[in-house]
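As you go down the protein sequences, you meet chains A and B in turn.
By the working numbering, the letter at position 188 of the first sequence is numbered 188, and the numbering carries on one by one without gaps.
By the working numbering, the letter at position 32 of the second sequence is numbered 280, and the numbering carries on one by one without gaps.
Beta carbons: idealized from backbone N, C-alpha and C, even for Gly.
Only a predicted model underlies this, so the values are computations on that prediction, with no experimental measurement involved.
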Amino acid sequence: MFEAKGLMVFYENMLALNNVSLACAENQIIGVFGANSAGKSTLMYTLSGIMLDIQKKEEMAGGERITIRGEIFFNGANIMGISPAHRAKSGIVLCPERRRIFPESTVLENLRIGGYLAKASQAKDTLDYVFNIFPALKRLSKRLGGFLSGGEQQMLAIGRSLMAQPKLLLLDEPLLGLSPVIQYLLAKSIKSIRDERGASIIVSEQYARPIMPIIDYGYILENGAAVVEGTNLELMNNPDVKSAYFGS
Amino acid sequence: MTVDNKDRRLERIDRGIKVRSDGVYAISSWLEMSYLVAPRLIFILGLLAAPVLLLPVPYWQKVLSIICMYSLLAISFDFLANYVGLVSLGGGFYIGIGAYAAALLNMKFGLPPIVTIPAATVIGAIICTVVFLPCLPLRGVYFAIVSLMFPLLAARIIEALDIFGGTDGIVGVDGFSSPWIEQYVLILAVLIAVFFLRRMITEDVGLVFSGVKDNDQAVKASGINITRYKALGIFIASSLGCFGGAVLSHIYMWAGLSQFALDFSIIPIAATVIGGGGTLIGPVIGCLILVPVSELLRDFGTLRIAVYAIILTLFIVYKSEGIMVFASRKYEQFERWVSI
C-alpha cells in the first residue's frame, strides 16, 4: 500500500538519509528505530511531505539547501512532489515530534481542528473513539492544550491525528519524554488503534523496548541508512539490536 | 559524462581561499589577506570617497547625508531586531529626540555643534532608554506597537502643549561651518557604528544579547538580568538614532515635528529587509539603494510609495534572504553538480 524507494535527503552537503527504502502493507505497524541524529525525524518529515515545506523555508531565508531524492508510492501513485496538505487529505497523517499541539486551544478544540477534513459524522464518530481509548482526554476536554502534562499532550496529539481519518498514521517519537508506565500504555493504545481503526502505522522511536513487541516489521536506522530490517522477532533476536536497544 | 537530473545535485562548497583565510593562515600571503580585506576596504573607501565623487552634483551630496542618516537608523534596527530580539519601530522617536535635544542645547545654551551633537546623542539615548524601560518585558509585536506609539505621542504632546516652538519647531539652529564636515561626520558615524557593532556582537556582551533573543528564559536561568541587557541594547541603538537626529537638526538648521515622522520608522525596516537582516552592513546597502530610488521617484509624488511597496514585496517574496546574505554566500562558496 505504501512504499518508499531509495530516499535520499541532503542538508546542504550532509547526508541525512542514505538510500532508505521501506514498505508498509495494509493494517501493519512498521517500526523505525534509531538513536538521536540517525535520521528518524527526517524520514518522517520526508514521508509526510513536511520536508518540502522546510526546504522552501530554508531556500527563502537563504539557509541550507535541502535536496530530496527518491520515490514514495501510496496506493500505486507516486506522491513525491505532492504537498503535505494534499498528502494529509489522501490519508497520510503525521503526528509530529514533541506533540506540537495548539497550546491556546482547549482539548476539544484541538481535536476538532484535527477533524477539519473529515465529514461531520466521521468526526463525531472518531471523537467518541478518541475519548474511548484516551478517557483522560474526555475529563480534560475543557482544559487548554498548553496546560496538559506530557503524557496527556501526547494522547491529544495522537487523537488529533486520528481525527484526520488517517489511512497511514506516521507517529514521530510518540514516547519522547514519557515515564515507562505511560510508554507501555501508549504502545498498547497504538496497537489498538491499528486493530480497531484499520489504519496502517509507521512509528519512529528510540525506546525500542515498549514498541518492539507491537510492530509487524521494523527497520534500524544508523547514520541515515537502514542497516538492519526484519520482523519484530528477527530484530529482537538480532545480537546487535539486542545490545544496542535492550541492553543485554 | 551526462548525468540525469534526478541523479545529481547542486553542491555548495567553501572556496579554498575562504578556508585558508579563516584562521591565522590568513596572514600567509597577500592573496589571502586581500581576500579578507578587499570587500571591507571597498565599503570603507567607497563611502569615504563618495562626497568627493559627488562634488559636481551638490544635490546628491545632500542625498548622501540622508542615506547615512537612514543607515544609522537601519543599523540600529537590524541590531535590535536580529541581535537583541526587540523589533523596534521607534526610529522616528530616536531622530526626533536627538534633533530636539541638539536644537535646544544650541539655542538655549549657545553651545556649538561640536558639543551639542555628542551631548544630544548621550542625553537623547538616556531619555529613550528611560522611556522604553517600562516596555522592555514586552516581546515581538507588542514591543513593536508600543515603540511605534512613542514618536506619535511625542509629536502630539509637543503640538498640544505648544512647547519647544510648537508646530513651527525650533528655527535658527546653527548650521555646519562647511558641507564637508556635515557629510564626513555622518559617514564616519556609519563606519564606526557598523564595525563597532560587528565587533561587539562577537564579544561576551554580544553573546548575551543573542541569548536574550533566542531564549530569554534560559538567559534568566543563568542568573543574568535581561532587562539590563535589553536596556543596554536600546541605549546603543537609540544613541545611533539620536546622533543622526542631532546632525539632521544642524543640517536643516531646524528641529520640528516632522522629525518624528513615520518614515524614520519604516524606511530602516525596508532597507534591512532588502540588504539582509543580521548582517549590519546589509542595512547600509539597503539604504544606498532605497533612498536614491525614492529621490529619483520624487517627481511622481505619492506614487513613489507604491513603487517602494512593490520593490519591498518583490524582495520579501523572491529574495527574502537579502542582498548581503546572498552576496557573501557567492563570495565565500561555489557550486557544482555532483552525482549521487
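For A:M1, the residue or residues it bridges with in DSSP: Against the first sequence, residue 1 of chain A aligns to sequence position 1. Note: A:M1 is not bridge-paired with any residue in the DSSP secondary-structure output.
Same chain, Cβ closer than 8 Å to B:R256, five either side skipped, listed in chain order: The residue given as residue 256 of chain B occupies position 8 in the second sequence. So the qualifying residues of the chain are W585, V586, S587, I588.
Residues in the segment 55-81 of chain A having any Cβ partner in chain B nearer than 7 Å: M60, A61, G62, R65, T67, R69
May I ask which residues mark the beginning and end of the beta strand (DSSP E) holding A:I79? As a position in the first sequence, residue 79 of chain A is number 79, starting the count at 1. From DSSP, A:I79 is part of no beta strand (DSSP E); its letter is neither H nor E.
Using DSSP with H/G/I as helix, E/B as strand and the rest coil, what is B:M501? Indexing the second sequence from 1 puts residue 501 of chain B at position 253. Here B:M501 sits in coil by DSSP.
Please identify the residue among A:I214, A:I158, A:M8, A:E26 whose C-alpha is closest to the C-alpha of A:R98. Position 98 of the first sequence, counted from the start, is the residue given in the question as residue 98 of chain A. It is A:I158.
Would you say B:T250 reaches chain A, if we count a Cβ-Cβ gap shorter than 8 Å as a contact? Translated into positions along the second sequence, residue 250 of chain B becomes position 2. Unreliable placement is indicated for B:T250, whose pLDDT of 39 sits below 50; the coordinate value is still reported in the next sentence. With 8 Å as the cut-off, B:T250 does not count as an interface residue toward chain A.
In chain B, which residues lie less than 7 Å from A:F147 when you measure between Cβ atoms? In the first sequence, counting from the first residue as 1, residue 147 of chain A sits at position 147. In chain order: nothing, as chain B lies at least about 18 Å away.
Which residue marks the beginning of the beta strand (DSSP E) containing A:T67, and which one marks its end? Looking up residue 67 of chain A in the first sequence gives position 67. Looking at the DSSP string, the run of the beta strand (DSSP E) that includes A:T67 is 66-74.
Taking just the CA atoms, how far does B:G333 sit from B:G388? As a working note, residue 388 of chain B is residue 140 in the second sequence. As a working note, residue 333 of chain B is residue 85 in the second sequence. Going from the Cα of B:G388 to the Cα of B:G333 covers about 8 Å.
Decide if B:Q465 is buried, meaning its Cβ has at least 16 other Cβ atoms within 10 Å, or exposed. Along the second sequence, one-based indexing puts residue 465 of chain B at 217. Exposed, because fewer than 16 other Cβ atoms sit within 10 Å of the Cβ of B:Q465.
At a cut of 8 Å, does the segment 509-526 of chain B reach the segment 392-402 of chain B through at least three beta carbon pairs? yes
Could one say the Cβ of B:S542 lies closer than 8 Å to chain A's Cβ atoms, at least one of them? Position 294 of the second sequence holds residue 542 of chain B. Taking 8 Å as the CB threshold, B:S542 stays off the interface with chain A.
For A:N232, does the three-state DSSP call read helix, strand or coil? Numbered from its first residue, the first sequence carries residue 232 of chain A at position 232. Helix at A:N232.
How would you label B:V251, buried or exposed, when you count the other beta carbons within 10 angstroms and need 16 or more for buried? Against the second sequence, residue 251 of chain B aligns to sequence position 3. Caution applies to B:V251, whose pLDDT of 39 falls short of 50 and renders its modelled position unreliable; the model cannot decide the point.
Check A:V227 in the structure and name its three-state DSSP category. Within the first sequence, the letter at position 227 stands for residue 227 of chain A. Three-state result, A:V227: strand.
Under 8 Å, with one C-beta from each stretch per pair, do the segment 213-230 of chain A and the segment 13-23 of chain A reach the 3-pair mark? yes
Residue from B:E407, B:G523, B:F424, B:G423 with nearest C-alpha to B:G417: One-based indexing of the second sequence puts residue 417 of chain B at position 169. When each option's Cα is compared against that of B:G417, the closest is B:E407.
8 Å Cβ cut-off: residues of chain B touching A:N13: For this step, residue 13 of chain A is matched to residue 13 along the first sequence. Result: E259, R260, I261.
Would you list the residues sitting across from A:L176 in a DSSP beta bridge? For this step, residue 176 of chain A is matched to residue 176 along the first sequence. DSSP, once it has assigned bridges, lists no residue as partnering A:L176.
What does a CB cutoff of less than 8 Å around B:E280 pick up in its chain, not counting 5 residues either side in sequence? Position 32 of the second sequence, counted from the start, is the residue given in the question as residue 280 of chain B. Taken in chain order, the residues that qualify are I265, R268, S269, Y273, A274.
Leaving out the 5 sequence neighbours to the left and right, which residues in its chain are closer than 7 Å to B:V539 when beta-carbon positions are compared? Here the question's residue 539 of chain B lines up with position 291 in the second sequence. When the five nearest sequence neighbours on each side are left out, the beta carbons in the same chain lying within less than 7 Å of the beta carbon of B:V539 are those of V311, I314, I315, Y318, in order along the chain.
Supposed close pair A:L17, A:I92 - CB separation, criterion 8 Å: Translated into positions along the first sequence, residue 17 of chain A becomes position 17. Translated into positions along the first sequence, residue 92 of chain A becomes position 92. In fact, because the Cβ distance is near 17 Å, the residues do not count as touching under 8 Å.
CA-CA distance, A:G63 and B:R577? Taking the first sequence and counting its residues from 1, the one referred to as residue 63 of chain A is at position 63. Taking the second sequence and counting its residues from 1, the one referred to as residue 577 of chain B is at position 329. Taking the straight line from one Cα to the other gives about 10 Å.
Is any beta-carbon of chain A found at less than 8 Å from that of B:V573? Stepping through the second sequence from its first residue, residue 573 of chain B is reached at position 325. Interface residue, yes.
So, is the C-beta of A:M51 closer than 8 Å to a C-beta in chain B? The residue given as residue 51 of chain A occupies position 51 in the first sequence. Chain B contact via Cβ: absent.
Name, please, each residue of chain A whose Cβ falls closer than 9 Å to the Cβ of B:R577. As a position in the second sequence, residue 577 of chain B is number 329, starting the count at 1. In chain order: G62.
For B:S568, would you say it is in contact with chain A, using Cβ-to-Cβ distances shorter than 8 Å as the test? Position 320 of the second sequence, counting from 1, holds the residue named residue 568 of chain B. Closer than 8 Å to some Cβ of chain A, the Cβ of B:S568 qualifies, so yes.
Taking three-plus beta-carbon pairs below 8 Å as touching, is the segment 530-537 of chain B in contact with the segment 489-500 of chain B? no
Classification of A:R194 by the beta-carbon crowding that lies within 10 angstroms, buried from 16 upward: For the purposes of this step, residue 194 of chain A is taken as residue 194 along the first sequence, with counting starting at 1. With 16 or more Cβ atoms within 10 Å of its Cβ, A:R194 is classed as buried.
Residues that B:A533 contacts on chain A, provided the C-beta gap is smaller than 7 Å: Sequence index remark: in the second sequence, residue 533 of chain B carries index 285 (1-based). The displayed chain sequence assigns Ile, not Ala, to residue 533 of chain B. Simply none; closest approach about 15 Å.
Going by Cα to Cα distance, which pick from A:P166, A:G230, A:L15 is closest to A:Q122? To locate residue 122 of chain A, count along the first sequence from 1; it is residue 122. Among A:P166, A:G230, A:L15, the Cα nearest to that of A:Q122 is on A:P166.
Closer than 7 Å at the beta carbon, the chain A residues around B:I588: If you number the second sequence from 1, residue 588 of chain B lands on position 340. Those are M8, R69, listed as they occur along chain A.
Ordered along the chain, which non-local residues of its own chain (more than five positions away) have a Cβ less than 8 Å from that of B:F574? Residue mapping note: residue 574 of chain B aligns to position 326 of the second sequence, counting from 1. The residues are G524, K567.
Locate the alpha helix (DSSP H) running through A:A16, then write down its first and last residues. Counting from one through the first sequence, the residue named residue 16 of chain A turns up at place 16. It is not in any alpha helix (DSSP H) - A:A16 instead sits in the beta strand (DSSP E) that spans 14-24.
Measuring CB to CB, does B:V421 end up less than 8 Å from B:A503? Counting from one through the second sequence, the residue named residue 421 of chain B turns up at place 173. Counting from one through the second sequence, the residue named residue 503 of chain B turns up at place 255. In this structure, B:A503 lies closer than 8 Å to B:V421 by Cβ.
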